[in-house]
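Number of protein chains: 2
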Amino acid sequence: MNSNKLYLIPTAIGALDRPSPGVLEIINEIEVFFCERIRTTRRWLRDIQPDYDIDSRTFIEFDKHSNRFPMDLVLEQWKKGRITGLTSEAGSPAIADPGFQIVIKAHQLNIPVLPLSGSNSLILALMGSGFNGNQFTYQGYFPIKPQELKSKIQKILPSIEKGYTQIFIETPYRNIKTMESLIDILPDTISISLAIDLLNTNNTTVTKTVKQWRSSKLPSMHKLPCVFVLGKGN
Amino acid sequence: MNSNKLYLIPTAIGALDRPSPGVLEIINEIEVFFCERIRTTRRWLRDIQPDYDIDSRTFIEFDKHSNRFPMDLVLEQWKKGRITGLTSEAGSPAIADPGFQIVIKAHQLNIPVLPLSGSNSLILALMGSGFNGNQFTYQGYFPIKPQELKSKIQKILPSIEKGYTQIFIETPYRNIKTMESLIDILPDTISISLAIDLLNTNNTTVTKTVKQWRSSKLPSMHKLPCVFVLGKGN
Chain B
1 MNSNKLYLIP TAIGALDRPS PGVLEIINEI EVFFCERIRT TRRWLRDIQP
51 DYDIDSRTFI EFDKHSNRFP MDLVLEQWKK GRITGLTSEA GSPAIADPGF
101 QIVIKAHQLN IPVLPLSGSN SLILALMGSG FNGNQFTYQG YFPIKPQELK
151 SKIQKILPSI EKGYTQIFIE TPYRNIKTME SLIDILPDTI SISLAIDLLN
201 TNNTTVTKTV KQWRSSKLPS MHKLPCVFVL GKGN
Chain U
1001 MNSNKLYLIP TAIGALDRPS PGVLEIINEI EVFFCERIRT TRRWLRDIQP
1051 DYDIDSRTFI EFDKHSNRFP MDLVLEQWKK GRITGLTSEA GSPAIADPGF
1101 QIVIKAHQLN IPVLPLSGSN SLILALMGSG FNGNQFTYQG YFPIKPQELK
1151 SKIQKILPSI EKGYTQIFIE TPYRNIKTME SLIDILPDTI SISLAIDLLN
1201 TNNTTVTKTV KQWRSSKLPS MHKLPCVFVL GKGN
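Here's what the structure looks like:
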C-alpha cells in the first residue's frame, strides 16, 4: 500500500486566498478527494483553476449521519494505489474538522501523509493579535450559556496571566453578544484581539485592552467570521 | 498615521515552500521590512524572486542585545507613510518570535495590521498528526533537564487524556534524546506524532502509540527540524 499518498490540502478561507504554485501543482496530481462536502470542494477547485478536470476525479464525502467517513471506500482507493487528497470546508483540513479520521487511518496503514501549507485562521489571528505566540491554546467555540462562558473564562484567566494566549471561535451571528459578555467578564488589563473576515477584502484585526474596549465602538463584525484572541495586556 | 500598513509575511520553512501569487504581489509592494535578521530576509527575497529589487528597500533588524526592535526607526517609517512588512526567520512572523513587539505597536497607533497566509510548522504538524484539532496547546520548547521534562509531561497528561492535543518543538540536535525520554515517560496509550523536516524533499510525518514506538526504530530525525505532537491514542 505504499505507492499512494495522502496530501492534506488547505482550501480558501476568504476571497483573497489562493494556493501557492507548488500546492496547485499537487492539486493537479490528486486523483481522489476526501472532503467534508463534495459541493464545496468542487466549487473551490473550479474557483482556483477554472479548467480543472473535475469529472475525471473521484470525490468521497464525510457521512454526517454516521459521523464517519465511509472508510471502506477510502481503503478501496488506497488499495488501488491512488493519489489522494483531504480537504476541509475552509482552511486547514484535520484541524477542528472530521478529517483526522482519514489521517490516523493513513498512519495505521503506513501511507505517507503530506501536509501542504495554506491558510489557517487561528494562526492568522494569533499573528495579527500582537500577543505572545510562545505558548497558546486553541479552545474551539465559546460556551453558549452565560454562566458557562463566565466559568470557562474564570478558569483560563490564570493561564492568560501566565502568558498563555487563548484562541476561540464563535458562530458569526453570536459575535457581538459574546464580545459584550467578554468585555463584561474580563478584568481591565487583559486584551482582546479580533480577527474579522480574514483574507476577505475588508478583513480587520483589532487589539485593545478590555479597559479600552469598554469605551470603544465595536468594529463591524455581525455575522462575519471572527477569531477571538485573549492575551495579556500590552 | 493611517495611509501606511503593516503586513505580516510568512517566510519559507523548507525548500519546497513558496508564497502564493497574491502574497508575492504584496511582497512587491513592501517598502520597508522589519525582520529578525536582515541577511535571512534578503536571502529569502532573492530566492522567491531572483529579480526582486532589494537595494531599493529599507530593512530594520531586531536588536538581540537589547532584545527589542529599534522602535524609533520603526515609528519613523510609519510617520513617513511607508508600506511595511514584518518577517520572521522561518514561517509565520510574531508567533514564537519577537515580531509581536511591532504588531502591538501598530495596533496602539491604529495602523492596519494585515496577516498573510503561508506556512506554519505547528499547524502542519497538527494536520499531519491525525489527532483531535478541536482543542490544542502549543507549549514551545521541551524543558531540557530530565526531571523538569518528566514533571512537565506529568502535568499535561490529564489534559491530553481530556482531548487537548499538545504541541512542542525541540532543538534539532536534541530530538533523539527527547524522543527516547518521551517513550520512557508516557503511558502506552498516548500517541506521539513527529513532523520531520516539513516542506523539504524528505519530509515525514509519523504517528504511533507509545506502545508501538517502544518496539519501533526511530525515523531519521537527528539534527532535522521536528515538531512533536502528543495526543490521545487512536
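Sequences listed follow chains B and U, in order. Sequential numbering from 1 applies to the first sequence in my numbering. Sequential numbering from 1001 applies to the second sequence in my numbering. We treat Cβ as the ideally placed atom computed from N, Cα and C, and that holds for glycine.
Taking only the alpha-carbon atoms, compute the straight-line gap between residue i and residue j and give it to the nearest angstrom.
| i | j | result |
| --- | --- | --- |
| LYS272(B) | LEU1114(U) | Chain B is shown from 1 up to 234; residue 272(B) falls before or after that span and cannot be answered. |
| MET1001(U) | THR209(B) | With a pLDDT of 45 at MET1001(U), under the threshold of 50, the predicted position of this residue should be treated as unreliable, though the coordinate-derived value follows. Computed Cα separation, rounded: 21 Å. |
| LYS232(B) | SER129(B) | 11 Å |
| LYS1177(U) | ILE1153(U) | 15 Å |
| LEU182(B) | ASP188(B) | 11 Å |
| HIS222(B) | PRO172(B) | 7 Å |
| ASP1197(U) | SER1220(U) | 10 Å |
| LYS5(B) | SER119(B) | 22 Å |
| THR40(B) | ASP51(B) | 17 Å |
| GLU1025(U) | GLN1212(U) | 47 Å |
| LEU126(B) | ALA106(B) | 30 Å |
| ILE1060(U) | GLU170(B) | 37 Å |
| GLU1161(U) | LYS1155(U) | 11 Å |
| GLN139(B) | SER159(B) | 13 Å |
| ASN1110(U) | LYS1145(U) | 43 Å |
| ASN175(B) | CYS226(B) | 7 Å |
| MET1071(U) | LEU218(B) | 29 Å |
| ALA1015(U) | LEU45(B) | 26 Å |
| HIS1065(U) | TYR1141(U) | 22 Å |
| SER1216(U) | PRO112(B) | 17 Å |
| ARG1214(U) | MET1179(U) | 11 Å |
| GLU36(B) | GLY1099(U) | 36 Å |
| ASP55(B) | ARG82(B) | 16 Å |
| ILE1043(U) | ASN1028(U) | The question names Ile, but residue 1043(U) is Arg in the sequence shown. If you take the alpha carbons of ARG1043(U) and ASN1028(U), they lie about 15 Å apart. |
| GLN77(B) | PHE62(B) | 15 Å |
| SER1151(U) | LYS150(B) | 30 Å |
Between which two residues does the beta strand (DSSP E) harbouring residue i extend?
| i | result |
| --- | --- |
| LYS208(B) | 204-209 |
| GLU148(B) | GLU148(B) -> not in any beta strand (DSSP E); alpha helix (DSSP H) instead, spanning 146-161. |
| GLU61(B) | 58-61 |
| GLN1166(U) | 1165-1169 |
| SER193(B) | 190-196 |
| ILE1009(U) | 1005-1009 |
| LEU1086(U) | 1083-1087 |
| GLN108(B) | Not the beta strand (DSSP E): GLN108(B) falls in the alpha helix (DSSP H), residues 100-108. |
| LEU114(B) | 113-115 |
| GLY140(B) | 136-141 |
| GLY1231(U) | 1226-1232 |
| LYS33(B) | What sits at residue 33(B) in the sequence shown is Phe, not Lys. Residues 32-35. |
With respect to the alpha helix (DSSP H) encompassing residue i, which residues constitute its N-terminal and C-terminal limits?
| i | result |
| --- | --- |
| GLY1049(U) | Contrary to the premise, residue 1049(U) reads as Gln rather than Gly in this sequence. Taken as a continuous stretch (DSSP letters only), GLN1049(U) belongs to no alpha helix (DSSP H), as it is neither H nor E. |
| SER1181(U) | 1175-1185 |
Taking Cβ positions, are residue i and residue j nearer each other than 8 Å?
| i | j | result |
| --- | --- | --- |
| ARG1068(U) | GLN1101(U) | yes |
| TYR7(B) | ILE30(B) | yes |
| GLY85(B) | ILE13(B) | no |
| TYR164(B) | THR201(B) | no |
| LEU230(B) | ILE185(B) | no |
| PHE131(B) | PHE228(B) | no |
| GLY1133(U) | ALA195(B) | no |
| THR58(B) | THR11(B) | no |
| VAL1103(U) | ALA1094(U) | yes |
| SER1117(U) | ASP53(B) | no |
| SER1193(U) | THR1204(U) | no |
| ILE1123(U) | SER92(B) | yes |
| SER20(B) | SER1121(U) | no |
| PHE34(B) | VAL74(B) | yes |
What residues from chain B crowd round residue i, counting only those whose CB sits closer than 8 Å?
| i | result |
| --- | --- |
| ASN1120(U) | SER117, ASN120 and ILE123 |
| PRO1019(U) | SER20 |
| PRO1230(U) | Here residue 1230(U) turns out to be Leu, not Pro, going by the sequence shown. Near LEU1230(U) there are no residues of chain B at all, since even the closest Cβ is about 14 Å away, more than 8 Å. |
Going along chain B, which residues have a C-beta under 7 Å from residue i?
| i | result |
| --- | --- |
| LEU1224(U) | By Cβ distance, chain B contributes nothing, its closest Cβ being about 16 Å from LEU1224(U), past 7 Å. |
| LEU1008(U) | MET127 and GLY128 |
| PHE1100(U) | GLY130, PHE131, ASN132 and GLY133 |
| VAL1113(U) | GLY128 and THR205 |
For a contact meaning CB atoms closer than 9 Å, what does residue i contact in chain B?
| i | result |
| --- | --- |
| ILE1104(U) | SER129, GLY130, PHE131, SER191, THR207 and ASN234 |
Report the neighbours of residue i on chain U: residues whose CB is nearer than 8 Å to its CB, in chain order.
| i | result |
| --- | --- |
| LEU235(B) | There is no way to answer for residue 235(B), as the model of chain B reaches only from 1 to 234. |
Starting from residue i, find everything on chain U with Cβ-Cβ shorter than 7 Å and list it in chain order.
| i | result |
| --- | --- |
| LEU16(B) | GLY1022 |
Report task. Select from the segment 84-97 of chain B all residues with a C-beta closer than 7 Å to any C-beta belonging to chain U, and list them in chain order. Result -> Near chain U, meaning a CB-to-CB distance below 7 Å, the residues of the segment 84-97 of chain B are SER92, PRO93, ALA94, ILE95 and ALA96.
**Report entry** chain U contacts made by the segment 126-156 of chain B, where a contact means CB separation under 8 Å
**Finding:** Look at the segment 126-156 of chain B: the residues with a C-beta under 8 Å from a C-beta of chain U are LEU126, MET127, GLY128, SER129, GLY130, PHE131, ASN132, GLY133, ASN134, GLN135, PHE136, THR137, TYR138, GLN139 and GLY140.
Query raised in the report: When Cβ atoms are compared, which residues of the segment 198-217 of chain B fall closer than 8 Å to chain U?
Result: Listed by position along the chain: LEU198, LEU199, ASN203, THR204, THR205, VAL206, THR207 and LYS208.
**Report entry** Cβ-based contacts, 7 Å cut-off: residues of the segment 22-51 of chain B near chain U
**Finding:** GLY22
Query - Under 7 Å (Cβ pairs) to chain U, residues found in the segment 48-74 of chain B - result: Among the residues of the segment 48-74 of chain B, none has a Cβ less than 7 Å away from any Cβ of chain U.
Requested in this report: Check distances from the C-beta atoms of the segment 153-185 of chain B to those of chain U and list, in chain order, the residues that come in under 8 Å.
Outcome: TYR164
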